[in-house]
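In UniProt numbering, the protein residues as written are 1 to 282.
Cβ atoms here follow ideal geometry from the backbone N, Cα and C, with glycine treated the same way.
Please read the structure below before turning to the comments.
Dropping the structure here:
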């Protein structure tokens, strides 16, 4: 099997169809279709069920997908490892929670850029659960998530401990307001829901927002309450309109760290990133 065929196969899965995959790969639909057909002929199996404009993975396709991701990851990893021995040319795909990205990531990325000027950085933000999955499926090289994370295929290097605080508007009673939080998969969401249940809040409903500023903005005008890292609240543009309350340690103390595949070769850029975060948060 050629890696280009596996790359095309993975793109069709990730993008959800032939047309979207062709756009991602900067090629025409017919090229994508022919590569998939040749791969199916080579393997003697149907990889996709085709229905209308969409495609769905066939059983053989689901089996191949895991192997394809691992092979493509090894291709990237081996090339990056060889290049990083020399002058640090390559690509590093970093994931981060939005709260961490807003507060700590810029200075850490600057340190990586200074220490490894020829390394291309690709950054994306998401919930901790999604970031863990992307590292496990080789879509990210590393990610900064809320822990603790215990998985046999992952390393979790703790970088700092964030303090979660309860946040509400000055003239609001959080016991009578809905919870405002990030979408499913956010580690802070899990703790906020646990705190809501244990505290016997009269209002059990919740509102979801996709951005940090959206959550704190709504809280600041009295639409609800949330849990957020203390330092994020203190540096927010809405800080003057927010009241912060401390929480019990079992809720408030959140270890935050860098995850990456346990079997991955060491990368100097990851060490630089970790050291920069540790230095910035002292």
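Practice task
Quick one: grab the DSSP three-state call for residue 150.
Solution key: In this structure, residue 150 counts as coil in the three-state DSSP scheme.
Handout entry: Cβ shell of residue 233 (< 8 Å), same chain only, five flanking positions each side left out
Key = Exclusion of the five residues before and after residue 233 leaves 165, 167, 216, 239, 242 and 244 as the residues of its chain whose Cβ lies within less than 8 Å of its Cβ.
Practice task
Compare the beta carbon distance of residue 188 and residue 129 with 9 Å and say whether it is the shorter of the two.
Solution key: no
Exercise for the section: List the residues that DSSP assigns as beta-bridge partners of residue 167. Expected result: 226 and 244
Practice task
For residue 55, write down the residues that DSSP places opposite it in a beta bridge.
Solution key: 50
Practice task
Report the rounded CA-to-CA distance for residue 247 versus residue 176, giving the unit in angstroms.
Solution key: 18 Å
Practice task
Would you kindly work out how many angstroms separate the C-alpha atoms of residue 74 and residue 138, rounded to a whole number?
Solution key: Between residue 74 and residue 138, the alpha-carbon positions lie close to 9 Å from each other.
Exercise for the section: Can you tell me which of the three DSSP states residue 179 falls into? Expected result: strand
Problem - C-alpha gap between residue 273 and residue 249, whole angstroms - result: 28 Å
Problem - residue 237 classed as buried or exposed, judged by whether at least 16 other C-beta atoms fall within 10 angstroms - result: The residue is exposed, with fewer than 16 neighbouring Cβ atoms inside 10 Å.
Practice task
Measure the CB-CB distance between residue 223 and residue 259 and report whether it falls below 9 Å.
Solution key: no
Handout entry: residue 15 - containing alpha helix (DSSP H), residue span
Key = 3–15
Exercise for the section: May I ask you to report which of helix, strand or coil DSSP gives residue 93? Expected result: strand
Practice task
State the DSSP-derived secondary structure class of residue 86, mapped to helix, strand or coil.
Solution key: Note that residue 86 scores 43 on pLDDT, short of 50, meaning its location in the model is unreliable and no value can be drawn from it.
Practice task
Leaving aside the five residues before and after residue 101 along the sequence, list all residues of the same chain whose C-beta is less than 6 Å from its C-beta, in chain order.
Solution key: In chain order, 125 place their CB closer than 6 Å to the CB of residue 101, counting only its own chain and leaving out the 5 sequence neighbours on each side.
Practice task
Take the Cβ of residue 86 as the centre, count every other Cβ of all protein chains shown within 10 Å, and call the residue buried at 16 or more, exposed below.
Solution key: For residue 86, the pLDDT reaches just 43, beneath the cut-off of 50, and the residue's location in the model is therefore unreliable, leaving the point undetermined.
Problem - Where residue 183 falls, given that 16 or more other Cβ within 10 Å makes a residue buried - result: Burial is judged here by how many other beta carbons sit within 10 angstroms of a residue's own beta carbon; residue 183 has fewer than 16 and is exposed.
Problem - Burial state of residue 17, where buried means 16 or more other Cβ atoms lie within 10 Å - result: buried
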